[in-house]
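J.: Here it is: the structure, laid out below.
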Amino acid sequence: MTFVTSRRARGTAVGTAVAAAALALSACAGGASSTTDTTPVDAADLGDLAVQLSWILNEEWSGELIADAEGYYEDAGFSSVNLVPGPSSGIPELLSGTADVSFTDALSVGAAVANEGAPLKVIGATFQKNPFTIASLADGAAIGSPEDMIGKKIGVQDSNRPVFDAFLAVNDIDASDVEIVPVQYDPAPLVTGEVDGLIAFVTSQSVTLEVEGIAVTDLLFADNGLPFVAHVVTATDETIETERERLKAFLAAEIQGWTDAVADPAAGAELAVEEYGADLGLELETSVASAVAQAELLVVSDETVENGLFTISEDLQEQTVSSLISSGFDVTAAELFDMTVLDEVYAEQPDLIAYER
Numbered sequence: 000m001t002f003v004t005s006r007r008a009r010g011t012a013v014g015t016a017v018a019a020a021a022l023a024l025s026a027c028a029g030g031a032s033s034t035t036d037t038t039p040v041d042a043a044d045l046g047d048l049a050v051q052l053s054w055i056l057n058e059e060w061s062g063e064l065i066a067d068a069e070g071y072y073e074d075a076g077f078s079s080v081n082l083v084p085g086p087s088s089g090i091p092e093l094l095s096g097t098a099d100v101s102f103t104d105a106l107s108v109g110a111a112v113a114n115e116g117a118p119l120k121v122i123g124a125t126f127q128k129n130p131f132t133i134a135s136l137a138d139g140a141a142i143g144s145p146e147d148m149i150g151k152k153i154g155v156q157d158s159n160r161p162v163f164d165a166f167l168a169v170n171d172i173d174a175s176d177v178e179i180v181p182v183q184y185d186p187a188p189l190v191t192g193e194v195d196g197l198i199a200f201v202t203s204q205s206v207t208l209e210v211e212g213i214a215v216t217d218l219l220f221a222d223n224g225l226p227f228v229a230h231v232v233t234a235t236d237e238t239i240e241t242e243r244e245r246l247k248a249f250l251a252a253e254i255q256g257w258t259d260a261v262a263d264p265a266a267g268a269e270l271a272v273e274e275y276g277a278d279l280g281l282e283l284e285t286s287v288a289s290a291v292a293q294a295e296l297l298v299v300s301d302e303t304v305e306n307g308l309f310t311i312s313e314d315l316q317e318q319t320v321s322s323l324i325s326s327g328f329d330v331t332a333a334e335l336f337d338m339t340v341l342d343e344v345y346a347e348q349p350d351l352i353a354y355e356r
């Protein structure tokens, strides 16, 4: 399914109680619309933009869904923005030219740059902290440390095998020391005991199980040797050089969308459940819980409060690069990141930094 921006969608009503719970970090609530008018006075006709997402159209893309529904892409000057759902790393689409921008994780981009010399750069990051975890049942294997995985059955999706291999490597665990079981993304194999642990998102499968009343133990990659930014905005070197204004316009609209998603996570969840992912069988309670968790745990940090959403500090860049090097990918921050596009956005529209309501 592909969604094309060519209209301003209807507003979405949200529950005050849910919004209030979501604002533990941002202090005050707001609806799915920005209070600061950041629309260019004379938005250029920037044509169509193809955006490859790494996953299905659920609440993980709350900011994108809000930017589409509220017309932020249109206001930025795009005649259409195609949000193409995954699963996909987004890298083949960028290199083939079928996508202008992709959202993926820094590990995948770093591996492509280091191993293949791929002409790609990360120009921003939605998630300041990657959401990967080994989820296990609290009353089962309760995997609380990397060493606890040894001798256990770990469910690993094909697309997540590289990040799992990297997690093993940085923790000095040989792949032969665990039993890797091919699985999909449904947490059912964990519940039924087919696996002891499951690669999951702390804001997705783990939340789903908790909502169902199943206590989960999470072993976060970011807290156990593998910190890196995720949901990174990625483009080719050529696009950065020749389509800079389009990228800046896209990032400005993204900041507006995620501003609203942070202020009111339920708004993005409702859009996912009721419109964009209506054919996916999403549950509103679970989607709202996931949207709240990602806003609080992944999108907002002390550094984004100071510098703005999507920014990646030099320290976080170095942490990401260190994780890549520890995982066997020889890359430098200069080879992986280009933050100058986002720097220009905030220099030209400084009001975008103050996203707290």
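Under numbering that gives the first Met the number 0, the residues of the sequence shown are numbered 0 to 356, in order.
Beta carbons are placed, not taken as given, at the ideal position from N, Cα and C, and that holds for glycine.
What you are looking at is a predicted structure, and each value in this text was computed from that prediction instead of being measured.
(1) When you compare each of Glu302, Val232, Leu189 to Ala214 by their alpha carbons, which one comes out closest?
(2) Evaluate Asp195 with the Cβ neighbour count: other Cβ atoms within 10 Å of its Cβ, from every protein chain shown; 16 or more gives buried, anything less gives exposed.
(3) Are there 16 or more other CB atoms within 10 angstroms of the CB of Asp263, so buried, or fewer, so exposed?
(4) Where does Asn357 land, buried or exposed, given buried means 16+ other C-beta within 10 angstroms?
(5) Any chance the CB of Phe126 is under 7 Å from a heavy atom of the ligand NAD?
(6) Using 8 Å as the Cβ pair cut-off and three pairs as the minimum, do the segment 246-257 and the segment 75-83 touch?
(7) Output yes or no for whether 8 Å exceeds the beta carbon distance between Ile142 and Leu218.
(8) Under a three-way DSSP split, which group does Phe309 fall into?
(9) Select from Thr235, Gly276, Phe227 the residue whose C-alpha is nearest the C-alpha of Asp314.
(10) Measure the C-alpha to C-alpha separation of Gly276 and Ser87 and round it to an integer number of angstroms.
(11) Under the rule that 16 or more other beta-carbon atoms within 10 Å means buried, what is Glu193, buried or exposed?
(12) Among the residues of its own chain, which have a CB less than 6 Å from the CB of Val206, if the five just before and after it don't count?
(13) Do you know whose CA, among Gln318, Glu282, Asp164, lies nearest Ala229's CA?
(14) What residues in its chain sit with their C-beta under 7 Å from that of Phe336, if we drop five residues either side in the sequence?
(15) Between the Cα of Leu308 and those of Lys128, Val155, Ser53, spot the shortest distance and give me the residue it belongs to.
(16) How would you call Asp138, buried or exposed, if buried means at least 16 neighbouring beta carbons within 10 angstroms?
(17) Cα separation between Asn306 and Leu351?
(18) Report yes if the CB atom of Val232 is closer than 8 Å to the CB atom of Gly76, and no otherwise.
(19) Which residue from Val155, Ala187, Ile133, Ser325 puts its Cα closest to that of Asp147?
(20) Tell me, which residues are paired with Glu237 by DSSP?
(21) How is Asn170 classed by DSSP in three states: helix, strand or coil?
(22) Quick check on the DSSP output: the alpha helix (DSSP H) that includes Ile65 runs from which residue to which?
(23) Taking only three categories from DSSP, how would you classify Leu52?
(24) Go ahead and pull the three-state DSSP assignment for Leu45.
(25) Beta strand (DSSP E) containing Ile90: first to last residue?
(26) Going by beta carbon distance, what residues of the same chain come within less than 6 Å of Phe166, once the five residues before and after it are set aside?
(27) In the structure shown, what three-state DSSP assignment does Val201 receive?
(28) Quick test of your reading: Asn223 and Pro145, contact by CB under 8 Å. State the CB separation rounded to the nearest angstrom.
(29) Could you tell me which residues DSSP pairs with Leu218 in its beta bridges?
(30) CB Val108 to CB Glu334, shorter than 8 Å?
T.: Reading off the structure:
(1) The residue you call residue 214 lines up with position 215 of the sequence shown. Answer by Cα proximity: Leu189.
(2) Residue 195 sits at position 196 when you count from the first residue of the sequence shown. With 16 or more Cβ atoms within 10 Å of its Cβ, Asp195 is classed as buried.
(3) Numbered from 1 along the sequence shown, position 264 holds the residue referred to as residue 263. The residue in question, Asp263, is buried, as its Cβ has 16 or more Cβ neighbours within 10 Å.
(4) Any answer about residue 357 is impossible in this case: the structure gives the chain only from 0 up to 356.
(5) The ligand NAD is absent from the structure shown, which contains no ligands of any kind.
(6) yes
(7) Residue 142 sits at position 143 when you count from the first residue of the sequence shown. Residue 218 sits at position 219 when you count from the first residue of the sequence shown. Cβ distance < 8 Å, so Ile142 and Leu218 count as in contact.
(8) Numbered from 1 along the sequence shown, position 310 holds the residue referred to as residue 309. In the structure shown, Phe309 sits in coil (DSSP, three-state: anything other than H, G, I, E or B).
(9) Taking the first residue of the sequence shown as 1, we reach residue 314 at position 315. Ranking the options by Cα distance to Asp314, first place goes to Phe227.
(10) For the purposes of this step, residue 276 is taken as the residue at position 277 of the sequence shown. For the purposes of this step, residue 87 is taken as the residue at position 88 of the sequence shown. Cα-Cα distance, rounded: 17 Å.
(11) Numbered from its first residue, the sequence shown carries residue 193 at position 194. Glu193 is exposed by the Cβ-count criterion.
(12) If you number the sequence shown from 1, residue 206 lands on position 207. Answer for Val206: Ala288, Ser289, Ala292, listed in chain order.
(13) Translated into the one-based positions of the sequence shown, residue 229 becomes position 230. For the residues Gln318, Glu282, Asp164, the minimum Cα distance to Ala229 belongs to Gln318.
(14) In the sequence shown, the residue the question calls residue 336 occupies position 337. If we look at Phe336 and ignore the five residues flanking it on each side, its Cβ neighbours are Lys120, Val121, Ile311, Gln316.
(15) Residue mapping note: residue 308 aligns to position 309 of the sequence shown, counting from 1. Selected option, being the one with the closest Cα: Lys128.
(16) On the sequence shown, residue 138 is found 139 positions in, with the first residue counted as 1. It counts as exposed.
(17) Here residue 306 corresponds to residue number 307 of the sequence shown, with the count starting at 1. Here residue 351 corresponds to residue number 352 of the sequence shown, with the count starting at 1. Those two C-alpha atoms are separated by around 10 Å.
(18) Counting from 1 along the sequence shown, the entry for residue 232 is found at position 233. Counting from 1 along the sequence shown, the entry for residue 76 is found at position 77. No, the Cβ-Cβ distance between Val232 and Gly76 is not below 8 Å.
(19) For this step, residue 147 is matched to residue 148 along the sequence shown. For Asp147, the nearest C-alpha among the options comes from Ile133.
(20) Sequence index remark: in the sequence shown, residue 237 carries index 238 (1-based). Looking at the DSSP assignment, Glu237 forms no beta bridge with any residue, so it has no partner.
(21) As a working note, residue 170 is residue 171 in the sequence shown. In the structure shown, Asn170 sits in coil (DSSP, three-state: anything other than H, G, I, E or B).
(22) Here residue 65 refers to the residue found at position 66 when the sequence shown is read from its first residue. First-last of the alpha helix (DSSP H) with Ile65: 61-68.
(23) By 1-based counting over the sequence shown, the position of residue 52 is 53. DSSP places Leu52 in coil when its eight states are reduced to three.
(24) The sequence position of residue 45 within the sequence shown is 46, counting from 1. Three-state result, Leu45: coil.
(25) Within the sequence shown, numbered from 1, the residue matching residue 90 stands at position 91. No beta strand (DSSP E) contains Ile90, which is instead part of the alpha helix (DSSP H) from 90-95.
(26) Reading the sequence shown from its first residue, position 167 is the one you call residue 166. Within the same chain, Phe166 has close Cβ partners Phe220, Leu225.
(27) Position 202 of the sequence shown, counted from the first residue, corresponds to residue 201. Coil, per DSSP.
(28) Indexing the sequence shown from 1 puts residue 223 at position 224. Indexing the sequence shown from 1 puts residue 145 at position 146. Contact flag correct, Cβ pair sits at about 6 Å.
(29) As a working mapping, residue 218 is identified with position 219 in the sequence shown. Bridge partners of Leu218: Ile133.
(30) The count along the sequence shown starts at 1 and reaches residue 108 at position 109. The count along the sequence shown starts at 1 and reaches residue 334 at position 335. Result no, Cβ atoms of Val108 and Glu334 do not sit closer than 8 Å.
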